[in-house]
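Just below is one structure, and these are the notes that go with it.
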Amino acid sequence: MKKLFLAFLLSSSLNCASLYTLDNVHSLNLYFASEAGFLDQNKKAALKNMVTEKLTKAGFILGETDASIFVVKIDSIKLEETQAIHIEVGLGEEVIAKRKEKVQTFAYTYLDTKFLKTQDPYTQTFTLLGTLVDTFIKAHKDDNE
Numbered sequence: 003m004k005k006l007f008l009a010f011l012l013s014s015s016l017n018c019a020s021l022y023t024l025d026n027v028h029s030l031n032l033y034f035a036s037e038a039g040f041l042d043q044n045k046k047a048a049l050k051n052m053v054t055e056k057l058t059k060a061g062f063i064l065g066e067t068d069a070s071i072f073v074v075k076i077d078s079i080k081l082e083e084t085q086a087i088h089i090e091v092g093l094g095e096e097v098i099a100k101r102k103e104k105v106q107t108f109a110y111t112y113l114d115t116k117f118l119k120t121q122d123p124y125t126q127t128f129t130l131l132g133t134l135v136d137t138f139i140k141a142h143k144d145d146n147e
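Here it is as structure tokens:
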């Protein structure tokens, strides 16, 4: 039975682009949090604008009430001459957990994170965040085709 389940899981995962289900996600609210010392207000605004433009261009509607929350978190630690940076992109939604009794909760229904070590933190963060957003958009497109 375990072998059959494993074979089914493996074969079904070959056909899916992502572990996440992004069907029918159309409207988003952007939540941007940063504890990175190298990001001033102007750089944070540029990152938010880049994310907003990519999502809008991909067809998402931003700013609606009760929309799913597109989360961007950036943290960093200075290590001598370099920065260690953690970037997280996720989709937070209200869901119902099927337990003994149904529990309404807030959960990440998509999550992707990257770590990097760099001497050019802003440029690398801008590039990597763009890649993470593009990956989310591609996964969404694949799930909705």
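With the sequence shown counted from 1, adding 2 to any position gets you my numbering.
Where a beta carbon is used, it is the ideal one built from N, C-alpha and C, also for glycine.
In this structure, Phe62 places its C-beta atom within 8 Å of the C-beta atom of His28. Contact check for Lys80 and Gly132: beta-carbon distance about 23 Å, past the 8 Å limit, so the pair fails to qualify. For Asp145, there is no enclosing beta strand (DSSP E); the enclosing alpha helix (DSSP H) has its first and last residue at Pro123 to Asp145.
The three-state secondary structure of Thr58, taken from DSSP, is helix.
At a cut-off of 4 residues, the continuous stretches assigned as alpha helix (DSSP H) that sit fully inside the stretch 34 to 118 are 43 to 59.
Leu49 has its alpha-carbon roughly 26 Å from the corresponding atom of Asp25. One alpha carbon belongs to Gln106, the other to Asp114, and they sit about 23 Å apart.
Annotation: Glu103 to Asn31 spans about 29 Å, alpha carbon to alpha carbon.
The alpha-carbon of Ala60 is positioned some 22 Å away from that of Ala35. In the displayed model, Leu21 falls within coil according to three-state DSSP, outside both helix and strand. By a beta-carbon distance limit of 8 Å, Thr84 does not contact Lys56. Their separation comes to about 27 Å.
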